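Order-wise, the sequence lines are chains P and V.
One point on numbering: in our numbering, the residue at position 5 of the first sequence is 5, and numbering is uninterrupted.
Quick note: to get our numbering, add 1000 to the position in the second sequence (first position is 1).
Note that CB positions come from ideal geometry on N, CA and C, so glycine has one too.
This structure is a prediction, so every number in the text was calculated from the model and none was measured.
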Amino acid sequence: MHIDPPILERTIAIIGGIIVGVVSAKALYDDWKTPGIENQVFKIMLGLLCLGAIVAILAGANVLGNFPKAA
Amino acid sequence: MAVGFLPKGADLTEHPGADQLYIETRALRLQGFLLFLISDCILFSSFIFAYLYMRNSGQGWPPPGIQHLDVAFASLNSVVLFGSGATMHYALENWKHNNFNRYALFMILTILLGAGFLAGQAFEYNHLIFDEKVTWAGSGIFGASFFTLTGMHGFHVSVGVLYLIILFLQSIHGIYTKDKFFGLTAGTLYWHFVDVIWVVLFSIFYLI
C-alpha cells in the first residue's frame, strides 16, 4: 500500500497536535493556581504552546496555509 | 520573600548559611534569566518586524520564482518541537515530585524530540537549497529572511539541546536536589521560549 508522504505528514501532524494540545491544556489547568513569577511565565508559555498545537492541527488539516499551486 | 544581594566576601561553597543564600539569591537569578529571555524576544521581534515590513512593501508574495513552502512537513516538524515543550514541562514536574525515573524519561524524550526537530530543519534546508535553489544570498528578501530567522531559531534550539544534555548530566550527578533546582527551571523556561518563537515563525513563513 502506497501512502502519499504529504498525507502521512499531515495525519501525524494532526494526531500529534491533538496530543500536544490536550497535554499542554491539562498542564495549564493543573498549574492554574500555582503562585510565583516563574509559574506565571510557565502559564503564558503553556497557553502559547496550546495555541501552537492548534495552529499545527489547522495547518495539517489544510485549513491554514492552503495556497494554490504556482503555475 | 526576602530578596537581597550576596553579603561581602560570601563564599557559597563553604558558607554555613548557603541554603539561606540560595533562597535569597534565587529571585535575582530568576529575574536575570527572564531579562535574558526578554532581550532574546526583542532580538527575534526586530528581525520578524523587518521581514513583515519588507514583505508587505514588495510586489506580491511569494516573490517571482519562489513557491510556497512545504506546509505538511513543517506542520509535522512543528508538532515535534511543541511535543518537546510538553515533555520538558512534565520532566520538571516529575523532578519537583521526586520521581527521578519519570523525570529522566521525559528529559531524554525532550532531548530526542529537540534533536529530531533539528534533523527536520536540516532536511528542509537541504530540499530548499539543492532542489528548489532557494539560498540565503540569492533569493532576495525571502531567502535572506527565511534563513536568517529560522537559522537563528535553529541555533537557539541547538544550544537548548546542549543545555538540556548538560542539565540532565548535572541532575544525574546530584547537582540539583528536590529543593534546589533553579537550573532545571531555567532550562524549562528557555525551552518553552524556543517553542513559542517557533509558533510565530511557523505562522509567518508557512501560513500567511
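query: The alpha helix (DSSP H) with H1153 of chain V in it runs from where to where?
result: Along the second sequence, one-based indexing puts residue 1153 of chain V at 153. Element bounds for H1153 of chain V: 1140-1172.
query: Nearest-angstrom Cα distance between S1158 of chain V and D4 of chain P?
result: On the second sequence, position 158 is the one that residue 1158 of chain V refers to. On the first sequence, position 4 is the one that residue 4 of chain P refers to. Cα to Cα, S1158 of chain V sits roughly 31 Å from D4 of chain P.
field: Contacting positions in the segment 2-14 of chain P - beta carbon closer than 7 Å to chain V
entry: P6, E9, R10, I12, A13
Which of helix, strand or coil DSSP assigns to Y1176 of chain V: If you number the second sequence from 1, residue 1176 of chain V lands on position 176. Y1176 of chain V: coil per DSSP, three-state reduction.
task: Could you check what DSSP says for P6 of chain P in three-state terms: helix, strand or coil?
output: Looking up residue 6 of chain P in the first sequence gives position 6. Correct three-state label for P6 of chain P: helix.
message: Using the three-state DSSP reduction, which class does V1200 of chain V fall into: helix, strand or coil?
response: Position 200 of the second sequence, counted from the start, is the residue given in the question as residue 1200 of chain V. In the structure shown, V1200 of chain V sits in a helix (DSSP, three-state: H, G or I).
- prompt: Taking just the CA atoms, how far does S1203 of chain V sit from G60 of chain P?
  reply: Within the first sequence, the letter at position 60 stands for residue 60 of chain P. Within the second sequence, the letter at position 203 stands for residue 1203 of chain V. When rounded, the distance between both Cα atoms is 13 Å.
field: Cβ neighbour criterion (16 or more within 10 Å) applied to D1011 of chain V
entry: On the second sequence, residue 1011 of chain V is found 11 positions in, with the first residue counted as 1. Below a pLDDT of 50, predicted positions are generally treated as unreliable, and D1011 of chain V, at 48, falls in that range; no measurement from the model is reported.
query: Hey, out of V:L1167, V:I1141, V:S1145, V:P1062, whose CA is closest to S1045 of chain V's CA?
result: For this step, residue 1045 of chain V is matched to residue 45 along the second sequence. Ranking V:L1167, V:I1141, V:S1145, V:P1062 by Cα distance to S1045 of chain V puts V:S1145 first.
- prompt: Three-state secondary structure (DSSP) at G65 of chain P?
  reply: Counting from 1 along the first sequence, the entry for residue 65 of chain P is found at position 65. Residue state, collapsed to three classes: coil.
- request: With a threshold of 16 other CB atoms inside 10 Å of the CB of H1173 of chain V, please say whether the residue is buried or exposed.
  value: Position 173 of the second sequence, counted from the start, is the residue given in the question as residue 1173 of chain V. When all chains shown are included, H1173 of chain V counts as exposed.
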